[in-house]
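The sequence shown lines up with residues -18 to -1, 1 to 119 when you count with mature numbering (1 follows the signal peptide of the UniProt record, and there is no 0). For glycine and all other residues, C-beta sits at the position ideal for the given N, C-alpha and C. Bear in mind that the values here come from a model prediction, so they are computed numbers and not experimental data.
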Amino acid sequence: MKKTLLTCLLLAASASHAEPILKATTSWDDGAIAYPDGQAEITSIILRIEEGQEPPFHCHPVPTMGYMLKGKVRVDTVEGKSVVLTAGDPLVEVMNTVHRGIALEGPAEIVVFYAGAEGVPVTVKPEDDPDGKYCKQ
């Protein structure tokens, strides 16, 4: 039985293929990535942005990774930097930098992963952070 199980596992392993989609040491704007202190907490969402919708400016105080499932999005920072992403593109989001994403040419969907810590918010609006604890002002 053990030999059969091992054979099946080896066959399955040889038939599988892992294709890397992202490995980074900085965010898309070459900013630093830093993990928060505390008990690790991973959060994931599917973000849907409709064309013409203007999501609020916000920041992420935790490492944030995304993968474009569909559509096209332009991410703009308040500092004037921007990047355009299309379906199949991965990215490491800017940290502590105020920004927003706008869907272009139709709706967009992004799977987002936050590498946070218990008690640390993953998204913060600048108006909710007047002391600049999370968002660079």
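In whole angstroms, what separates the C-alpha of residue i from that of residue j?
i    : j     : result
A14  : M77   : 7 Å
I92  : L29   : 5 Å
M47  : C41   : 13 Å
L51  : G114  : 32 Å
T105 : P43   : 7 Å
K118 : S(-3) : 43 Å
F95  : V55   : 17 Å
T25  : V102  : 11 Å
So is the beta-carbon of residue i under 7 Å away from any non-hydrogen atom of the ligand FMN?
i   : result
I28 : As far as ligands go, the structure on display features none, and thus does not contain the ligand FMN.
Compare the Cα-Cα distances from residue i to each of the options and report the closest residue.
i    : options              : result
E100 : D113, A6 and A22     : A22
D58  : W10, P18, P45 and K5 : W10
Which partner residues of residue i appear in the DSSP bridge assignment?
i   : result
T59 : H81
With a threshold of 6 Å on Cβ separation, who are the neighbours of residue i within its own chain once the five nearest residues in sequence on each side are excluded?
i  : result
I3 : P72
So, residue i versus residue j, is the Cβ gap smaller than 8 Å?
i   : j   : result
E36 : G88 : no
A85 : I31 : yes
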